[in-house]
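All remarks here apply to the structure that follows.
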Amino acid sequence: EAQVTQNPRYLITVTGKKLTVTCSQNMNHEYMSWYRQDPGLGLRQIYYSMNVEVTDKGDVPEGYKVSRKEKRNFPLILESPSPNQTSLYFCASSNSETQYFGPGTRLLVL
Amino acid sequence: AQSVTQLDSHVSVSEGTPVLLRCNYSSSYSPSLFWYVQHPNKGLQLLLKYTSAATLVKGINGFEAEFKKSETSFHLTKPSAHMSDAAEYFCVVSVPSGGYQKVTFGTGTKLQVIP
Chain X
127 EAQVTQNPRY
137 LITVTGKKLT
147 VTCSQNMNHE
157 YMSWYRQDPG
167 LGLRQIYYSM
177 NVEVTDKGDV
187 PEGYKVSRKE
197 KRNFPLILES
207 PSPNQTSLYF
217 CASSNSETQY
227 FGPGTRLLVL
Chain Y
77 AQSVTQLDSH
87 VSVSEGTPVL
97 LRCNYSSSYS
107 PSLFWYVQHP
117 NKGLQLLLKY
127 TSAATLVKGI
137 NGFEAEFKKS
147 ETSFHLTKPS
157 AHMSDAAEYF
167 CVVSVPSGGY
177 QKVTFGTGTK
187 LQVIP
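This is the structure:
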């Protein structure tokens, strides 16, 4: 089954404690991206990757890092999380036309 | 640059009545347009997409949308609302940009269906 998976699905952490949210896709897509969803703001793109070792900033990249060492994986890294990064995060991978979204990761930073 | 405006943050309809969720876009290039639905505490599901073929697009669950270039609109409609349609809906525009597709989401419209 074609899918995008994210882990963990829920995470509570404290300010400054580094964390990583993993994302994996099995559709051999070159393009992957991360979004955060906040009430009233829709989804905003954090980072995207056009292929292995090719990443770039989206609209709200501050406080985040990514890596793309393999085609299927695109982890999101918060080196020093802060409360304003409390949000719902979605990973997506896409072909030339359509994005496929993961189930989301709900993060609470205390 | 591109943008998407969902004209209503909340829409309330009675079960069995028509649904209209409005979306306007701006884009320097011919866009692809999408509608996604998000049920409470769920992920995003693709409802339908327009990619320069037929201007009237039919999607899942009885939804459809019409691309109107002259009005820069892509409104989502359904003839008869069902309780299970209660969710948040996102209009999305996608345009080519430097070898990939630049995607912009609208801020969402919450649909309430009253029994």
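First to last, the sequence lines map onto chains X and Y. So the first sequence is numbered by our numbering: it starts at 127 and just counts up by one. So the second sequence is numbered by our numbering: it starts at 77 and just counts up by one. Just so you know, even glycine gets a beta-carbon here, dropped at the ideal spot from N, CA and C. In this text, all values refer to a predicted model and were calculated from it rather than measured experimentally.
Quick check on DSSP: helix, strand or coil for residue i?
i      : result
Y/S146 : coil
X/N221 : coil
Y/D161 : helix
Y/N100 : strand
Y/Q82  : strand
X/G189 : coil
X/N152 : coil
X/P209 : helix
X/G142 : coil
Y/N137 : helix
Let me make sure I understand the geometry here. Which of the options has the alpha-carbon closest to that of residue i?
i      : options                        : result
Y/S156 : Y/T180, Y/L123, Y/T93          : Y/T93
Y/C167 : Y/N100, Y/L132, Y/S88, Y/K145  : Y/N100
X/M158 : X/C149, X/D164, X/G166         : X/C149
X/V130 : X/Q163, X/N152, X/P201         : X/N152
Y/V95  : Y/K145, Y/K178, Y/E140         : Y/E140
X/W160 : X/V235, X/N210, X/L234, X/S220 : X/S220
Y/T180 : Y/S108, Y/L97, Y/S90           : Y/S108
Y/P116 : Y/V171, Y/F143, Y/A163         : Y/A163
X/K144 : X/G189, X/Q225, X/L204, X/Y136 : X/L204
Y/K178 : X/R135, X/S175, X/T212         : X/S175
X/G184 : X/N210, X/L202, X/A128         : X/L202
Y/S104 : Y/V189, Y/P172, Y/K186         : Y/P172
X/V178 : X/V186, X/N199, X/E188, X/Q171 : X/N199
X/T139 : X/A218, X/S213, X/Q171, X/K197 : X/S213
Along chain Y, in chain order, which residues have C-beta atoms closer than 9 Å to that of residue i?
i      : result
X/P187 : By Cβ distance, chain Y contributes nothing, its closest Cβ being about 15 Å from X/P187, past 9 Å.
X/Q171 : K178, V179, T180, F181
X/G142 : Simply none; closest approach about 28 Å.
Please tell me whether, using a cut-off of 8 Å, the distance from the CB of residue i to the nearest non-hydrogen atom of the ligand SAH is below it.
i      : result
Y/C167 : Only the bare structure without any ligand can be found here, which leaves the ligand SAH out of the picture.
Got a sec? Which residues, its chain only, sit under 6 Å from residue i by beta carbon, not counting five neighbours each side?
i      : result
Y/A119 : Here residue 119 of chain Y turns out to be Gly, not Ala, going by the sequence shown. Nothing meets the Cβ criterion.
Y/S149 : N100
X/P209 : V235
Mind pulling the chain X residues with CB within less than 7 Å of residue i?
i      : result
Y/L122 : T224
Within its chain, find whatever has a CB closer than 8 Å to the CB of residue i; leave out the 5 residues flanking it on each side and keep chain order.
i      : result
X/L167 : none
Exposed or buried, residue i, counting other C-beta atoms within 10 Å across all chains shown (16 or more means buried)?
i      : result
X/R162 : buried
Y/G182 : buried
X/R194 : buried
X/Y173 : buried
X/P207 : buried
X/D182 : exposed
X/Y190 : buried
Y/V133 : buried
Y/K145 : exposed
Y/G184 : buried
Y/V169 : buried
Looking only at its own chain, which residues have a Cβ that is under 7 Å from the Cβ of residue i, when we skip the five neighbours before and after it?
i      : result
X/F216 : Y161, Q163, L169, F227, G228, G230
Y/V113 : Q121, L123, A163, Y165
Y/T127 : S108
X/E127 : none
Run through chain X and tell me which residues come within less than 9 Å of residue i, C-beta to C-beta.
i      : result
Y/T185 : Residues of chain X passing the Cβ test: none, with the nearest at roughly 10 Å.
Which bits of chain Y does residue i rub up against, with CB to CB less than 7 Å?
i      : result
X/Y136 : By Cβ distance, chain Y contributes nothing, its closest Cβ being about 11 Å from X/Y136, past 7 Å.
X/L233 : Simply none; closest approach about 15 Å.
X/F227 : G119, L120
X/L145 : Residues of chain Y passing the Cβ test: none, with the nearest at roughly 20 Å.
X/L157 : Checking the sequence, you will find Tyr at residue 157 of chain X rather than Leu. Result: Y176.
Using a cut-off of 8 Å between C-beta atoms, extract the partners of residue i located in chain X.
i      : result
Y/F166 : G168, L169
Y/K134 : Under the 8 Å cutoff, chain X gives no residues; its nearest Cβ is about 16 Å from Y/K134.
Mind listing the chain Y neighbours of residue i? Cutoff is C-beta to C-beta under 8 Å, in chain order.
i      : result
X/F216 : G119, L120
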